[in-house]
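**Student:**
Numbering (our numbering), first residue to last: 69 to 256.
1) Candidates 234, 244 and 243: which alpha carbon is nearest residue 251's?
2) Could you check which residue in 153, 130, 238 and 184 has the C-alpha nearest to that of residue 196?
3) Given a threshold of 16 other Cβ atoms within 10 Å of its Cβ, counted over all protein chains shown, does residue 41 qualify as buried or as exposed?
4) Could you tell me if residue 194 is buried or exposed, where buried requires 16 or more neighbouring beta carbons within 10 angstroms of its beta carbon?
5) Could you tell me the alpha carbon to alpha carbon distance between residue 175 and residue 205, rounded to whole angstroms?
6) Is the segment 199-219 in contact with the segment 73-86, if contact means three or more CB pairs nearer than 8 Å?
7) Rounded to the nearest angstrom, what separates residue 162 and residue 72 at their Cα positions?
8) Taking a contact to mean a Cβ-Cβ separation below 9 Å, would you say residue 104 touches residue 146 in this structure?
9) With a 10 Å radius around its C-beta and 16 neighbouring C-beta atoms as the bar for buried, classify residue 191 as buried or exposed.
10) With a Cβ-Cβ cutoff of 9 Å, do residue 238 and residue 95 count as a contact?
11) Can you tell me whether DSSP reads residue 126 as helix, strand or coil?
12) Can you check the segment 162-199 for any beta strand (DSSP E) of at least 3 residues that lies completely inside it and give the ranges in chain order?
13) Which of the three DSSP states, helix, strand or coil, is assigned to residue 92?
14) Here's the rule I'm using: 16 or more other beta-carbon atoms within 10 Å means buried, otherwise exposed. How should residue 88 be labelled?
15) Considering residue 147, what are the terminal residues of the beta strand (DSSP E) in which it resides?
16) Within its chain, find whatever has a CB closer than 6 Å to the CB of residue 156; leave out the 5 residues flanking it on each side and keep chain order.
17) Out of 211, 151, 126 and 140, state which residue places its alpha-carbon closest to the alpha-carbon of residue 236.
18) Three-state secondary structure (DSSP) at residue 25?
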């Protein structure tokens, strides 16, 4: 059985806005390692579209936009190559090595994917992981805590209807930025 792993960047006050974190070479290398260690990625529509817009052109052409540093290119190549499942009821189709999953089929599809052999499935974002956590489908959580207070949301798993009991499994400092990856397993 494959584990479903959730990884998210958050600030000290729990904000998980993708623009609130501190991008570093070490952080992107860590993220690329996590993606490469999974057999597939599971995205909601918003994360899929955001990732495709940012990383696909770089991986396909080698040309970087002004905002992108050279050290981000390996991440672009890694995410580009990964198999992706996209949960959406509004998209008509997906490509970029992706397969569309309808929201009504979420639990059945994820259980089927997890039941197969493999190294694991990686997910991220805000809305989809909340639904997955509510269904008890996430096996491992990684919170990459940045040394910043954002003062705004969105907040980590906001709206979860009940407590989520986790067991601490480890920590890793991500470069010299002060970001720390905290890892947990779901305690059923």
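Yeah, the Cβ is synthetic: ideal placement off N, Cα and C, and Gly gets one too.
**Tutor:** Reading off the structure:
1) Comparing Cα positions, the closest option is 234.
2) Of 153, 130, 238 and 184, the residue nearest in Cα terms is 153.
3) Outside the modelled stretch of the chain, which goes from 69 to 256, sits residue 41, for which no answer is possible.
4) Buried.
5) For the pair residue 175 and residue 205, the Cα-to-Cα distance works out to about 8 Å.
6) Contact holds: three or more Cβ-Cβ distances are below 8 Å.
7) Spanning the alpha carbons of residue 162 and residue 72 requires a straight line of approximately 22 Å.
8) Contact flag set, yes.
9) Under this definition residue 191 is a buried residue.
10) Contact: no.
11) Correct three-state label for residue 126: helix.
12) Assignment of beta strand (DSSP E) within the segment 162-199, counting only whole runs of 3 or more residues, yields 166-169 and 189-191 in chain order.
13) Judged by DSSP in its simplified three-state form, residue 92 adopts coil rather than helix or strand.
14) Residue burial is scored here from C-beta neighbours: residue 88 has at least 16 other C-beta atoms within 10 angstroms and is therefore classed as buried.
15) Run containing residue 147: none in the beta strand (DSSP E); it sits in the alpha helix (DSSP H), 141-149.
16) Take residue 156, set aside five residues on each side of it, and the residues of its chain with a beta-carbon closer than 6 Å to its own are 113, in chain order.
17) The residue with the shortest Cα to Cα distance from residue 236 is 211.
18) The requested residue 25 is not part of the displayed model; the chain covers only 69 to 256.
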